[in-house]
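A.B. asks: For the sequence shown, the residue numbers in this note's numbering are 68 to 372.
In this text, a Cβ means the ideal position worked out from N, Cα and C, and glycines have one as well.
One structure, as structure tokens, below. Some questions next.
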Amino acid sequence: MVNVIKNIVVPGRPAVDNGLAVAPFKQVHLHSTGSVAPNKNFISYLSRSWGNAYYTHIVGEGQAIQVANVNGGGYDLGGDWNWEGYASIEFNENVHSQAEFNRDYKIYIELARQLAREAGITDFTLDTPNNVGIKTHNYASATGHGSDHVDPLPFLAKWGVSYDKLKHDIKYGVGGSEPVSYSKPAQATNKVDQVLNVGDYFKAKPAYRVDELKKVNGIWQVVNYAFAGGKPINWKLNGIGVESVDKVDKNGKKTANQTLAVGDYFRLHSDSIRVVANDPATNGVAFGTRYGNVWVSADTLTEVK
Numbered sequence: 068m069v070n071v072i073k074n075i076v077v078p079g080r081p082a083v084d085n086g087l088a089v090a091p092f093k094q095v096h097l098h099s100t101g102s103v104a105p106n107k108n109f110i111s112y113l114s115r116s117w118g119n120a121y122y123t124h125i126v127g128e129g130q131a132i133q134v135a136n137v138n139g140g141g142y143d144l145g146g147d148w149n150w151e152g153y154a155s156i157e158f159n160e161n162v163h164s165q166a167e168f169n170r171d172y173k174i175y176i177e178l179a180r181q182l183a184r185e186a187g188i189t190d191f192t193l194d195t196p197n198n199v200g201i202k203t204h205n206y207a208s209a210t211g212h213g214s215d216h217v218d219p220l221p222f223l224a225k226w227g228v229s230y231d232k233l234k235h236d237i238k239y240g241v242g243g244s245e246p247v248s249y250s251k252p253a254q255a256t257n258k259v260d261q262v263l264n265v266g267d268y269f270k271a272k273p274a275y276r277v278d279e280l281k282k283v284n285g286i287w288q289v290v291n292y293a294f295a296g297g298k299p300i301n302w303k304l305n306g307i308g309v310e311s312v313d314k315v316d317k318n319g320k321k322t323a324n325q326t327l328a329v330g331d332y333f334r335l336h337s338d339s340i341r342v343v344a345n346d347p348a349t350n351g352v353a354f355g356t357r358y359g360n361v362w363v364s365a366d367t368l369t370e371v372k
């Protein structure tokens, strides 16, 4: 999970506020800055010039910084796909070594995938003609949905990342590989630590500790760090509405008092929950709740038939 530093300098959601963009927003856009400067200089300039163009995140100096609100389009492509963007990421070209590039490239890729999950994108194939997905500025321009810019491809190529590698890494994660399907014994009814694919069903542990409890967007939510795949957590992806869980004791027995607090234990309502999306690179799976999809680590799950 990418730790995103918030430094919002673009007020509101200008594309929405000006009547240009309308939900849903189902794209994540990939850019590079095209010039060299410290992060703080780009952010300072954006704070004065966002009315002409703006993006939502910048990656550089080992950091991912959010500078504008997501889920509201943007002024980043120069075409009609401006209004489809959930988020847009600038890769700061202020890079001085291969080690610096590799560090920031991994953040760039992981952030793109993280934001795509937030947007409800389940197919991480880069640059498809569909209105939903992760798009480079180059692809938007080449297909009539952007300006004449070709970023981030030339910058990435300079540091050894081909277009094919970019597509691979966006789909599977840096260091990830295409998942392999394995045959399963006909007699098996459940098995721990196997790949969970979309359409499979799982049961979770009988009890998870409430590590954090927070009201987010008007909904009380709980998080267990191990269930979420580790820290830092992302409430938009990992938070589970309290109405989707039962309060239990540490052995998984439902308690009479259902008011949760940090340090209590919870379990999911069902022992047969359908996988609606998966991410083999992180061993993450998503399941549906009344408030939307929740992403968790498959490490503590058991597939059931």
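Please classify residue 329 as buried or exposed, where buried requires at least 16 neighbouring CB atoms within 10 angstroms.
C.D. replies: By the neighbour-count rule (16 or more Cβ atoms within 10 Å), residue 329 is not buried but exposed.
A.B. asks: With burial defined as no fewer than 16 other Cβ atoms inside 10 Å of the residue's Cβ, what is the status of residue 311: buried or exposed?
C.D. replies: Per the 10 Å Cβ criterion, buried.
A.B. asks: Roughly how many whole angstroms lie between the Cα atoms of residue 247 and residue 348?
C.D. replies: For residue 247, the pLDDT reaches just 42, beneath the cut-off of 50, and the residue's location in the model is therefore unreliable, although a value from the coordinates is still provided. Cα to Cα, the separation comes out at about 12 Å.
A.B. asks: For residue 295, is the classification buried or exposed, using 16 other Cβ atoms within 10 angstroms of its Cβ as the cut-off for buried?
C.D. replies: So residue 295 counts as buried.
A.B. asks: Determine the direct distance from the alpha carbon of residue 288 to that of residue 332, and round the result to whole angstroms.
C.D. replies: Approximately 13 Å between the Cα atoms of the pair.
A.B. asks: Check the C-beta distance from residue 179 over to residue 156 and give it rounded, since I have them as a contact under 8 Å.
C.D. replies: At roughly 6 Å, the Cβ-Cβ gap stays under 8 Å, so residue 179 and residue 156 are in contact.
A.B. asks: Would you mind giving the Cβ-Cβ distance between residue 201 and residue 95, rounded to the nearest angstrom? I have them listed as a contact below 8 Å.
C.D. replies: Between residue 95 and residue 201 the Cβ distance is about 5 Å, and since that is below 8 Å, they are a contact.
A.B. asks: If you scan the segment 73-105 from start to end, which runs of the beta strand (DSSP E) of 3 or more residues do you find wholly inside it?
C.D. replies: Taking only runs of at least 3 residues, the beta strand (DSSP E) segments lying wholly in the segment 73-105 are 94-99.
A.B. asks: Mind pulling the beta strand (DSSP E) runs of 3 or more residues that sit fully within the segment 166-222?
C.D. replies: Those beta strand (DSSP E) runs which fall completely within the segment 166-222 and span 3+ residues are 200-203.
A.B. asks: I need the DSSP call for residue 253, collapsed to helix, strand or coil.
C.D. replies: Unreliable placement is indicated for residue 253, whose pLDDT of 36 sits below 50; no coordinate value is reported for it.
A.B. asks: When the Cα atoms are used, what is the spatial distance from residue 368 to residue 269?
C.D. replies: Spanning the two alpha carbons is a distance of roughly 6 Å.
A.B. asks: Out of curiosity, what's the CA-to-CA distance linking residue 149 and residue 142?
C.D. replies: So the alpha carbons of these two residues sit roughly 6 Å apart.
A.B. asks: Out of 139, 154, 144, 119, which has the shortest C-alpha to C-alpha gap to residue 133?
C.D. replies: With distances taken between Cα atoms, residue 133 lies closest to 154.
A.B. asks: Within a Cβ cutoff of 8 Å, which residues of the same chain sit near residue 170, ignoring the five residues on either side of it in sequence?
C.D. replies: The answer, listed in chain order, is 129.
A.B. asks: Compare the C-alpha of residue 301 against each of 361, 113, 174 and name the closest.
C.D. replies: Comparing Cα-Cα distances from residue 301 to each of 361, 113, 174, the minimum goes to 361.
A.B. asks: So, at 6 Å on beta carbons, what are the nonlocal neighbours of residue 173 in its own chain, with the 5 sequence-adjacent residues on each side left out?
C.D. replies: 241.
A.B. asks: Using CA atoms only, rank isn't needed, just tell me which of 103, 138, 80, 92 is closest to residue 117.
C.D. replies: Taking only the C-alpha atoms, the option nearest residue 117 is 80.
A.B. asks: Which stretch, first to last residue, makes up the alpha helix (DSSP H) that contains residue 360?
C.D. replies: Counting along the chain, residue 360 falls outside any alpha helix (DSSP H), though it belongs to the beta strand (DSSP E) covering 359-364.
A.B. asks: Which one or two residues does DSSP pair with residue 133 in a beta bridge?
C.D. replies: 73, 124, per the DSSP bridge assignment.
A.B. asks: What residue range is occupied by the uninterrupted alpha helix (DSSP H) comprising residue 142?
C.D. replies: Unbroken run through residue 142: none, as it is neither H nor E.
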